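J.: In this note's numbering, the protein residues as written are 2 to 368. What follows is a structure written as structure tokens; I'll ask about it next.
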Ligand code: XIL
């Protein structure tokens, strides 16, 4: 068993994300700036972030700002277990600009400050989406008060406002989110209807001007294996690259469900995008199930997390693996998928589920 594990570890290490040698585990915590990699410096090597660091991977979570502000255990776990954070909602357009022309960066700035204090990187989410748009925008378009030319100008201004505000503080931006439908065609949204397909290249160019160092991602769900939607992304990205659009990453959200089974070809899919010259990330991983949860479902769930994490660790340029919340206490799943839940690594009492153990063991093998 030990020899087998060592071989598996060697395979994972030789193919790890960065190609860089694994950093040694510090036995004596080095003196460093307050907050920097607190979990490691605190001598606690038994956290996801300590293991991910050795594997050369950012391990992240979406953060619910009201939980962060009101639940000390939640806050403590975010700081201890993760070295990357994503705003679950507070960087979305409806949150940043609920009133036209009045920008509210307060909650997002708070997350960025929290990340800095805890030695964490920040993923930006998201500059362009068809959902969680401000009412004034969607209503203005519907009534005809906002015409196509004005809409394009508003989108451009939004990208410069938001990417510009966080310039230099975001390592990866989900620039365009969910622009292709499950049928493999460009999604039928106000953006496609009013601006035409060129809006996708536009937002990447604007985002690159606003924050030249951030890695710019296109991001979606149901693209974690080989299927028509992932194929459509492959063709779209290939075209964007041919047109010299500044696009750097392919984000696979990873919203899986035990009841659907898992596509075992995640690594193949990741590799074809990397062959186009992109880095890759898993950006919103959770694995839901039909309730009630039971042992077989929880173990199947652990396998779902492992399939995605292994693909990331075995790929050459998979840079981050983010879960969409880490405790069932605050999951978005029950509110969006009737009768489903228990999608996260920890249960509602922050107890470790088989999925947490699987993620930990997989990371440990890679480091
Ligand atoms: C979800 C949040 O988790 C919810 O709190 C919110 O009400 C709706 O959006 N794909 C995405 C995320 O890109 O932004 C979504 O987040 C989940 C699906």
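Yeah, the Cβ is synthetic: ideal placement off N, Cα and C, and Gly gets one too. Please read all numbers here as calculations on a predicted model, not as lab measurements.
(1) How should residue 220 be labelled, buried or exposed, when 16 other C-beta atoms within 10 angstroms of its C-beta is the threshold for buried?
(2) In whole angstroms, give me the CA-to-CA distance for residue 189 and residue 183.
(3) Pick helix, strand or coil for residue 303, following the three-state DSSP scheme.
(4) Which partner residues does residue 201 have in the DSSP bridge list?
(5) Please say whether residue 320 and residue 250 have beta carbons closer to each other than 9 Å?
(6) Should residue 222 be listed as close to the ligand XIL, given that the test is whether its C-beta is under 8 Å from any heavy atom?
(7) So, under 8 Å CB-CB, residue 49 and residue 82 are touching, yes? Tell me the CB distance rounded to an integer number of Å.
(8) The alpha helix (DSSP H) that contains residue 66, what's its start and end?
(9) Please report how far the alpha carbon of residue 137 lies from the alpha carbon of residue 266, in whole angstroms.
(10) May I ask which residues mark the beginning and end of the beta strand (DSSP E) holding residue 86?
(11) Does the separation of the CB atoms of residue 283 and residue 322 fall below 9 Å?
(12) How would you write the range of the alpha helix (DSSP H) that residue 54 sits in, first residue to last?
(13) Is residue 337 a contact residue of the ligand XIL, with contact defined as CB to any heavy atom under 8 Å?
(14) Give the DSSP-derived three-state secondary structure of residue 178 in the structure shown.
(15) Would you kindly work out how many angstroms separate the C-alpha atoms of residue 287 and residue 368, rounded to a whole number?
(16) Ignore the nearest five residues each way along the sequence and tell me which others in residue 278's own chain have a CB closer than 8 Å to its CB.
(17) Does any heavy atom of the ligand XIL sit closer than 8 Å to the C-beta of residue 256?
(18) Along the chain, where does the alpha helix (DSSP H) containing residue 110 start, and where does it finish?
(19) What distance in whole Å lies between the Cβ atoms of residue 180 and residue 128, which are believed to be in contact at a cut-off of 8 Å?
(20) Is the beta carbon of residue 87 closer than 9 Å to that of residue 63?
(21) When every heavy atom of the ligand XIL is checked, does at least one fall within less than 8 Å of the C-beta of residue 182?
(22) Excluding the 5 residues flanking residue 18 on each side, which residues of the same chain have their C-beta closer than 8 Å to its C-beta?
(23) Got a sec: does the ligand XIL put a non-hydrogen atom nearer than 8 Å to the Cβ of residue 132?
(24) What residue range does the alpha helix (DSSP H) around residue 362 cover?
(25) Are the segment 143 to 156 and the segment 192 to 199 touching by the rule of at least three beta carbon pairs closer than 8 Å?
(26) For residue 135, count neighbouring Cβ atoms within 10 angstroms of its own Cβ and tell me buried if that reaches 16, exposed if not.
(27) Only counting the same chain, and skipping five residues up and downstream in sequence, which positions put a Cβ closer than 6 Å to that of residue 212?
(28) Counting only the same chain and skipping the five closest in sequence on each side, list residues whose C-beta sits under 7 Å from that of residue 275.
(29) On the DSSP bridge list, what partners appear for residue 262?
(30) So does residue 192 have its beta carbon nearer than 8 Å to some heavy atom of the ligand XIL?
(31) How long is the line joining the alpha carbons of residue 108 and residue 93, rounded to whole angstroms?
(32) In or out: residue 369 buried (at least 16 other Cβ within 10 Å) or exposed?
(33) Straight-line CA distance for residue 101 to residue 140?
T.: This is what the structure gives:
(1) Your numbering for residue 220 matches position 219 in the chain shown. That one is buried.
(2) Indexing the chain shown from 1 puts residue 189 at position 188. Indexing the chain shown from 1 puts residue 183 at position 182. Cα to Cα, the separation comes out at about 11 Å.
(3) Residue 303 sits at position 302 when you count from the first residue of the chain shown. Helix, per DSSP.
(4) As a first step, residue 201 is located in the chain shown; it is residue number 200 there, counting from the start. For residue 201, which the question treats as bridged, DSSP gives no partner whatsoever.
(5) One-based indexing of the chain shown puts residue 250 at position 249. One-based indexing of the chain shown puts residue 320 at position 319. Yes, the Cβ-Cβ distance between residue 250 and residue 320 is below 9 Å.
(6) The residue labelled residue 222 in the question sits at position 221 within the chain shown. It does: the Cβ of residue 222 is within 8 Å (strictly closer) of some heavy atom of the ligand XIL.
(7) Within the chain shown, the letter at position 48 stands for residue 49. Within the chain shown, the letter at position 81 stands for residue 82. That pair is a contact at about 5 Å.
(8) In the chain shown, counting from the first residue as 1, residue 66 sits at position 65. Per DSSP, residue 66 belongs to the alpha helix (DSSP H) from 66 to 71.
(9) Position 136 of the chain shown, counting from 1, holds the residue named residue 137. Position 265 of the chain shown, counting from 1, holds the residue named residue 266. Each residue's alpha carbon lies about 42 Å from the other.
(10) Against the chain shown, residue 86 aligns to sequence position 85. 85 to 88 is the span of the beta strand (DSSP E), which, as asked, contains residue 86.
(11) By one-based count along the chain shown, residue 283 stands at place 282. By one-based count along the chain shown, residue 322 stands at place 321. Cβ atoms of residue 283 and residue 322: closer than 9 Å.
(12) Position 53 of the chain shown, counted from the first residue, corresponds to residue 54. That run of the alpha helix (DSSP H) goes 49 to 55.
(13) In the chain shown, the residue the question calls residue 337 occupies position 336. True, at least one ligand heavy atom lies under 8 Å from that Cβ.
(14) Numbered from 1 along the chain shown, position 177 holds the residue referred to as residue 178. Residue state, collapsed to three classes: strand.
(15) For the purposes of this step, residue 287 is taken as the residue at position 286 of the chain shown. For the purposes of this step, residue 368 is taken as the residue at position 367 of the chain shown. Roughly 23 Å separates the two Cα atoms.
(16) By 1-based counting over the chain shown, the position of residue 278 is 277. Counting only Cβ-Cβ distances below 8 Å, and skipping sequence neighbours, we find 242.
(17) Residue mapping note: residue 256 aligns to position 255 of the chain shown, counting from 1. Because some heavy atom of the ligand XIL lies under 8 Å away, the Cβ of residue 256 counts as near it: yes.
(18) Residue numbering aside, residue 110 sits at position 109 when the chain shown is read from its first letter. Here the alpha helix (DSSP H) through residue 110 covers 107 to 118.
(19) In the chain shown, residue 128 corresponds to position 127, counting from 1. In the chain shown, residue 180 corresponds to position 179, counting from 1. Not really, about 12 Å apart at Cβ, beyond 8 Å.
(20) Within the chain shown, the letter at position 62 stands for residue 63. Within the chain shown, the letter at position 86 stands for residue 87. Their beta carbons are under 9 Å apart, which means residue 63 touches residue 87 by this criterion.
(21) As a first step, residue 182 is located in the chain shown; it is residue number 181 there, counting from the start. Answer for residue 182: no, Cβ out of range of the ligand XIL.
(22) If you number the chain shown from 1, residue 18 lands on position 17. Unreliable positioning characterises residue 18 in this predicted model, as indicated by a pLDDT of 33, which lies under 50. A coordinate reading is not provided.
(23) Position 131 of the chain shown, counting from 1, holds the residue named residue 132. Checking every heavy atom of the ligand XIL against the Cβ of residue 132, one is found closer than 8 Å.
(24) Your numbering for residue 362 matches position 361 in the chain shown. 355 to 367 is the extent of the alpha helix (DSSP H) around residue 362.
(25) yes
(26) To locate residue 135, count along the chain shown from 1; it is residue 134. Classification for residue 135: buried.
(27) If you number the chain shown from 1, residue 212 lands on position 211. The residues are 164, 168.
(28) Here residue 275 is taken as the residue at index 274 of the chain shown, counted from 1. If we look at residue 275 and ignore the five residues flanking it on each side, its Cβ neighbours are 281, 316, 317, 318.
(29) For the purposes of this step, residue 262 is taken as the residue at position 261 of the chain shown. Paired residue(s): none; residue 262 is not in a bridge.
(30) For this step, residue 192 is matched to residue 191 along the chain shown. Residue 192: no, Cβ never under 8 Å from the ligand XIL.
(31) Locating residue 108 in the chain shown gives position 107, where the first residue counts as 1. Locating residue 93 in the chain shown gives position 92, where the first residue counts as 1. Roughly 11 Å between the two C-alpha positions.
(32) Absent from the structure is residue 369, since the part of the chain shown begins at 2 and ends at 368.
(33) Here residue 101 refers to the residue found at position 100 of the chain shown. Here residue 140 refers to the residue found at position 139 of the chain shown. Their Cα atoms are separated by approximately 12 Å.
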